[in-house]
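Colleague: The sequence shown begins at 93 in this note's numbering and counts up one residue at a time.
Quick reminder that beta carbons are idealized off the backbone N, C-alpha and C, glycines included.
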Amino acid sequence: MEAASIPTLFTSLSIPSNHTTVGLSNLLSSNSQIKSLFHHKRLPDVGWSDIQIQRLLLELSCLDTNCEESVRCQLGNGNNGNGGASTYPHRWTGAGEREGRIYSPLVSSRHFGLGHGIGRSGDVMEAQPKAVGSSALLRLCLRLVLDAVRRGAGLTGLVKSKSRQNMKQLKNDGNNNKSDGDATNNTNNNGNGPASYGTLLPVCTGMSMALVLSGLRDRANQLDKLANQHATTTTTNDNNNNNNNNESSKTTTSTERNIVLWSRIDQKSCYKAILSAGLTCIVLPTTTHPTTDEVSTDLNALQVALDKYSHRILAVITTTSCFCPRVPDEVDKVARLIQGWNSQHCNNNNTSSDDNINKRGAGIAHVINHAYGLQCTQTNKLLNRACTIGRVDAIICSTDKNFLVPVGGALILSPNDQVIACISKNYPGRASASPVVDLFITLLSMGLNGYKGILEERRRLVDVFRVKFDALAKKFGERLLDCPRNTISFGITLDNLVIGTDDDKKKNVQITKFGSMLFTRCISGTRIVPTKETKTISGHTFQGFGSSYDDYPHSYMTAACAVGMGEEEMMEFFERLERCWREYVGKREKEVRKKLKQMEIKES
93 MEAASIPTLF
103 TSLSIPSNHT
113 TVGLSNLLSS
123 NSQIKSLFHH
133 KRLPDVGWSD
143 IQIQRLLLEL
153 SCLDTNCEES
163 VRCQLGNGNN
173 GNGGASTYPH
183 RWTGAGEREG
193 RIYSPLVSSR
203 HFGLGHGIGR
213 SGDVMEAQPK
223 AVGSSALLRL
233 CLRLVLDAVR
243 RGAGLTGLVK
253 SKSRQNMKQL
263 KNDGNNNKSD
273 GDATNNTNNN
283 GNGPASYGTL
293 LPVCTGMSMA
303 LVLSGLRDRA
313 NQLDKLANQH
323 ATTTTTNDNN
333 NNNNNNESSK
343 TTTSTERNIV
353 LWSRIDQKSC
363 YKAILSAGLT
373 CIVLPTTTHP
383 TTDEVSTDLN
393 ALQVALDKYS
403 HRILAVITTT
413 SCFCPRVPDE
423 VDKVARLIQG
433 WNSQHCNNNN
443 TSSDDNINKR
453 GAGIAHVINH
463 AYGLQCTQTN
473 KLLNRACTIG
483 RVDAIICSTD
493 KNFLVPVGGA
503 LILSPNDQVI
513 ACISKNYPGR
523 ASASPVVDLF
533 ITLLSMGLNG
543 YKGILEERRR
553 LVDVFRVKFD
563 ALAKKFGERL
573 LDCPRNTISF
583 GITLDNLVIG
593 TDDDKKKNVQ
603 ITKFGSMLFT
613 RCISGTRIVP
623 TKETKTISGH
633 TFQGFGSSYD
643 DYPHSYMTAA
653 CAVGMGEEEM
663 MEFFERLERC
673 WREYVGKREK
683 EVRKKLKQME
693 IKES
């Protein structure tokens with residue numbers, strides 16, 4: 093119903109004009125908000141009501157060809173003896189194999205009638221002719237989430253041309269005191285920030301990682317092929333000129349890029365994602381910090397691996413969101429190291445312009461697993477720096493861990509639009525719109541102020557969480573693990589949890605039982621990690637699994653102060669943990685006394 097026609101229509105129903113004006117003002121206000129959303133493509137400062145969000149979703153749904161009554165399954169509706177065509181009540185007739193038909197009204201209601209999904213077989217971000225509403229929803233949701241991570245989480249976006257020139261000048265000035273490995277003028281980022289471009293994938297972090305690697309492999313094959321063709325042409329021209337001095341081109345290679353260097357993080361999904369993409373994973377060891385309990389990046393091991401595997405390397409994967417005592421990888425130093433290696437070993441003319449990309453080859457890519465890192469300001473600043481000084485190709489963020497939506501989606505960020513394009517085009521077939529709808533609803537419900545609010549609340553609780561966790565540990569003769577660079581996951585030692593045995597296997601069994609005990613007391617999310625555990629995943633054996641280090645000296649327990657946790661829930665967690673711990677200690681002491689008594693009886 094058009095707003096302009098409402099006064100006339102309502103007058104015909106004998107509704108007073110002053111009453112109509114009041115109601116019309118509400119409609120005009122709602123229309124204005126929707127227009128503003130599409131015009132600015134930014135999160136509203138204040139979140140919308142559920143009614144406003146539902147109205148917009150239903151209006152978008154009506155733009156798809158399966159809208160209105162056509163979402164009802166027509167099974168069982170026979171004709172009326174007149175052929176049926178003249179009395180068919182719907183505007184569209186669908187004769188394809190996939191027409192967005194939904195049998196259950198409940199399912200249709202759950203999805204707001206959006207049955208066509210998103211994307212097309214050639215590109216997950218491509219618009220669908222039969223689903224213009226779904227396509228608009230996808231594009232708008234992407235713009236909103238990019239706005240959220242820029243203005244809310246603090247990731248930088250596109251750098252304007254003037255700012256880019258100033259940044260380039262600063263880099264050049266600083267390069268006078270840098271080694272070749274520190275050179276930054278060949279970065280593929282063009283000075284752009286990590287949130288410059290993005291795409292949404294309807295799969296979780298692990299599968300998204302596999303899709304990202306597959307897309308990067310296709311892109312690398314194309315760029316390396318073009319670089320080799322350019323090098324061959326250059327060599328031919330030089331030979332024709334009786335000049336065989338090929339100093340103008342650096343190393344070229346036709347070697348298949350099938351190796352991924354992975355800075356070890358004891359989470360199964362990333363390792364499996366690499367294998368699922370048909371690639372070989374080289375697990376890089378981590379190192380412990382000399383003065384803290386932290387486990388982090390071994391840059392020396394990375395340098396050795398870069399030189400060893402060279403042009404067979406497709407990408408290096410680092411991680412910024414991890415369980416204590418693992419802390420975020422030093423992604424800025426890794427980015428600079430990769431950039432320096434590419435500068436020395438790949439075809440280039442010391443330029444990052446698109447005109448010369450065919451001459452440079454792909455180089456080694458850098459993928460960052462930022463699964464739930466958007467909630468951490470410190471880590472986001474690290475990403476901004478990494479994109480400024482070195483090579484970053486793709487950043488993978490989970491939607492459920494960062495935006496409090498159901499599991500099932502991922503946001504892929506990049507400072508390079510071509511990387512995003514190759515990832516989007518690598519997705520096979522259409523995709524489910526459900527994760528996008530969930531994210532769209534949540535972002536509009538939060539608004540920018542709401543999103544900033546949950547981030548700020550988490551930051552406020554972090555200090556309280558750390559103090560409470562430390563105090564609880566000390567009550568039982570344990571201590572908080574000193575890992576200052578991890579502000580999400582915290583750990584406490586469990587070195588004194590088991591007594592009465594020196595057998596490592598028996599100790600680990602008892603420590604693991606403590607974790608089971610916590611879960612049966614309705615405490616979820618904690619991790620219990622015994623020492624010297626081994627686990628084999630797809631043929632690779634990890635020593636000391638859980639701690640991301642072969643020989644970590646402590647058994648420990650982790651808990652996270654993540655976005656969405658409230659103060660009341662946090663306090664209840666510590667109360668339950670203390671009760672459970674005391675109960676465990678009581679049972680342990682009872683068992684020890686029982687064993688001692690049995691030994692006394694045997695001796696007598």
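#1: According to DSSP, is residue 96 helix, strand or coil?
#2: What does the Cβ neighbour count give for residue 399, buried or exposed, with the cut at 16 atoms within 10 Å?
#3: What did DSSP end up calling residue 444 once you bin it into helix, strand or coil?
#4: Are the CB atoms of residue 352 and residue 371 nearer to each other than 8 Å?
#5: Is DSSP giving residue 419 helix, strand or coil here?
#6: Might you give, ordered along the chain, the residues of its own chain that have their beta carbon closer than 6 Å to the beta carbon of residue 102, omitting 5 neighbours on each side?
#7: Check for me: the alpha helix (DSSP H) holding residue 363 runs from which residue to which?
#8: Are the Cβ atoms of residue 156 and residue 208 separated by less than 8 Å?
#9: Leaving out five residues on either side along the sequence, give the residues of the same chain with a beta carbon under 8 Å from the beta carbon of residue 571.
#10: For residue 246 and residue 543, I'd like the C-alpha separation in whole angstroms.
#11: Assign residue 706 to buried or exposed, taking buried as 16 or more other Cβ atoms, counted over all protein chains shown, within 10 Å of its Cβ.
#12: What span of residues does the alpha helix (DSSP H) with residue 412 cover, start to end?
#13: Alpha carbons only, please: which of 426, 479, 417, 317 is nearest the one belonging to residue 403?
#14: Helix, strand or coil for residue 464, going by three-state DSSP, please let me know.
#15: Using CA atoms only, rank isn't needed, just tell me which of 249, 140, 296, 289 is closest to residue 63.
#16: Between the beta-carbon of residue 534 and the beta-carbon of residue 497, is there less than 8 Å?
#17: How would you write the range of the alpha helix (DSSP H) that residue 676 sits in, first residue to last?
#18: Can you give me the Cβ contacts of residue 676 inside the same chain, cut-off strictly under 7 Å, excluding the 5 residues immediately before and after it?
#19: Name the two residues that bound the continuous beta strand (DSSP E) containing residue 292.
#20: Using the Cβ count rule (16 or more neighbours within 10 Å means buried), how would you classify residue 493?
#21: What do you get for residue 124, buried or exposed, if any count of 16 or more other CB atoms within 10 angstroms of its CB means buried?
#22: Can you name the residues that DSSP bridges to residue 505?
#23: Under the rule that 16 or more other beta-carbon atoms within 10 Å means buried, what is residue 632, buried or exposed?
#24: Can you tell which of 495, 359, 505, 284 has its C-alpha closest to the C-alpha of residue 627?
#25: Just the Cα atoms here: how many angstroms apart are residue 588 and residue 568?
#26: Rounding to the nearest angstrom, what Cα-Cα distance links residue 337 and residue 324 in this structure?
#27: Helix, strand or coil: which one does DSSP assign to residue 643?
#28: Near residue 51, which residues of its chain fall below 6 Å by C-beta distance, leaving aside the five closest residues on each side in sequence?
#29: In the DSSP assignment, what residue or residues form a beta bridge with residue 568?
#30: Suppose you measure from the CA of residue 107 to the CA of residue 304; what does that come to, to the nearest Å?
#31: Does the region 535-554 touch the region 125-138, meaning 3 or more C-beta pairs lie closer than 8 Å?
#32: Is the region 503-523 close to the region 116-135, with three or more CB pairs under 8 Å?
#33: If you draw a straight line from the alpha carbon of residue 431 to that of residue 249, how long is it in whole angstroms?
#34: My assumption, with CB atoms under 8 Å, is that residue 427 sits in contact with residue 387. Please give the rounded CB distance.
#35: Cutting at 7 Å between CB atoms, please list the residues of its own chain near residue 416, excluding the five before and the five after it.
#36: What is the rounded straight-line gap between the Cα of residue 269 and the Cα of residue 240?
Modeller: Let me spell this out:
#1: Counting from 1 along the sequence shown, the entry for residue 96 is found at position 4. DSSP places residue 96 within a helical segment (H, G or I) once states are collapsed to three.
#2: Translated into positions along the sequence shown, residue 399 becomes position 307. With fewer than 16 other Cβ atoms within 10 Å, it is exposed.
#3: Your numbering for residue 444 matches position 352 in the sequence shown. For residue 444, the predicted model reports a pLDDT of 42, less than 50, meaning its position is unreliable; a value from the coordinates is still stated below. Look at residue 444 here: in three-state DSSP terms it is coil, with no helix or strand label.
#4: Position 260 of the sequence shown holds residue 352. Position 279 of the sequence shown holds residue 371. The Cβ-Cβ distance between residue 352 and residue 371 falls below 8 Å.
#5: The count along the sequence shown starts at 1 and reaches residue 419 at position 327. The answer is coil: DSSP assigns residue 419 none of H, G, I, E or B.
#6: Position 10 of the sequence shown holds residue 102. Excluding residues within five positions, the ones whose Cβ falls inside 6 Å are 112.
#7: One-based indexing of the sequence shown puts residue 363 at position 271. Run containing residue 363: 360-368, per the alpha helix (DSSP H) assignment.
#8: Here residue 156 refers to the residue found at position 64 when the sequence shown is read from its first residue. Here residue 208 refers to the residue found at position 116 when the sequence shown is read from its first residue. Judged by their CB atoms, residue 156 and residue 208 are nearer to each other than the 8 Å cut-off.
#9: Taking the first residue of the sequence shown as 1, we reach residue 571 at position 479. The beta carbon of residue 571 lies closer than 8 Å to those of 562, 565, 584, 585 in the same chain, with the five residues before and after it left out.
#10: The residue given as residue 246 occupies position 154 in the sequence shown. The residue given as residue 543 occupies position 451 in the sequence shown. One C-alpha to the other measures close to 12 Å.
#11: Any question about residue 706 goes unanswered here, given that the chain covers just 93 to 696.
#12: On the sequence shown, residue 412 is found 320 positions in, with the first residue counted as 1. Judged by DSSP secondary structure, residue 412 falls outside any alpha helix (DSSP H); it is assigned neither H nor E.
#13: Within the sequence shown, residue 403 is the residue found at index 311, counting from 1. Comparing Cα-Cα distances from residue 403 to each of 426, 479, 417, 317, the minimum goes to 317.
#14: Against the sequence shown, residue 464 aligns to sequence position 372. Residue 464: coil per DSSP, three-state reduction.
#15: Lying outside 93 to 696, the shown extent of the chain, residue 63 is not represented and no answer is given.
#16: Working through the sequence shown from its first residue, we reach residue 534 at position 442. Working through the sequence shown from its first residue, we reach residue 497 at position 405. In this structure, residue 534 lies near residue 497, with their beta-carbon atoms less than 8 Å apart.
#17: Within the sequence shown, residue 676 is the residue found at index 584, counting from 1. For residue 676, the enclosing alpha helix (DSSP H) stretches over residues 659-695.
#18: Along the sequence shown, one-based indexing puts residue 676 at 584. Residues 606, 609 of the same chain have their beta carbon placed closer than 7 Å to that of residue 676, with the five preceding and five following residues left out of the count.
#19: Residue numbering aside, residue 292 sits at position 200 when the sequence shown is read from its first letter. Per DSSP, residue 292 belongs to the beta strand (DSSP E) from 289-293.
#20: On the sequence shown, position 401 is the one that residue 493 refers to. Here residue 493 is buried, its C-beta having at least 16 other C-beta atoms within 10 Å.
#21: The count along the sequence shown starts at 1 and reaches residue 124 at position 32. Per the 10 Å Cβ criterion, exposed.
#22: Working through the sequence shown from its first residue, we reach residue 505 at position 413. Beta-bridge annotation (DSSP): residue 505 is paired with 290, 487.
#23: Your numbering for residue 632 matches position 540 in the sequence shown. Classification for residue 632: exposed.
#24: Numbered from its first residue, the sequence shown carries residue 627 at position 535. Checking every option, the nearest Cα to that of residue 627 belongs to 359.
#25: For the purposes of this step, residue 588 is taken as the residue at position 496 of the sequence shown. For the purposes of this step, residue 568 is taken as the residue at position 476 of the sequence shown. Going from the Cα of residue 588 to the Cα of residue 568 covers about 8 Å.
#26: In the sequence shown, the residue the question calls residue 337 occupies position 245. In the sequence shown, the residue the question calls residue 324 occupies position 232. With a pLDDT of only 49 at residue 337, under 50, the local geometry of the prediction cannot be trusted, and no value is derived from it.
#27: Residue 643 sits at position 551 when you count from the first residue of the sequence shown. Three-state result, residue 643: coil.
#28: Residue numbering for the chain in the displayed model covers 93 to 696; residue 51 lies beyond these limits and cannot be assessed.
#29: For the purposes of this step, residue 568 is taken as residue 476 along the sequence shown, with counting starting at 1. DSSP lists no partner for residue 568.
#30: The residue you call residue 107 lines up with position 15 of the sequence shown. The residue you call residue 304 lines up with position 212 of the sequence shown. So the alpha carbons of these two residues sit roughly 59 Å apart.
#31: Below 8 Å, enough C-beta pairs join the region 125-138 and the region 535-554 to call them touching: three or more.
#32: With the cut-off at 8 Å, the region 503-523 and the region 116-135 do not touch.
#33: Within the sequence shown, residue 431 is the residue found at index 339, counting from 1. Within the sequence shown, residue 249 is the residue found at index 157, counting from 1. A direct Cα-to-Cα measurement between residue 431 and residue 249 gives close to 20 Å.
#34: Here residue 427 refers to the residue found at position 335 of the sequence shown. Here residue 387 refers to the residue found at position 295 of the sequence shown. Actually they do not touch by this definition, with Cβ atoms about 20 Å apart.
#35: Mapped onto the sequence shown, residue 416 falls at position 324. These residues qualify, in order along the chain: 573, 575, 578, 581, 582, 583, 650.
#36: The residue you call residue 269 lines up with position 177 of the sequence shown. The residue you call residue 240 lines up with position 148 of the sequence shown. Residue confidence is low: residue 269 scores 40 on pLDDT, short of 50, so the model does not pin down where it sits. No coordinate-derived value is stated.
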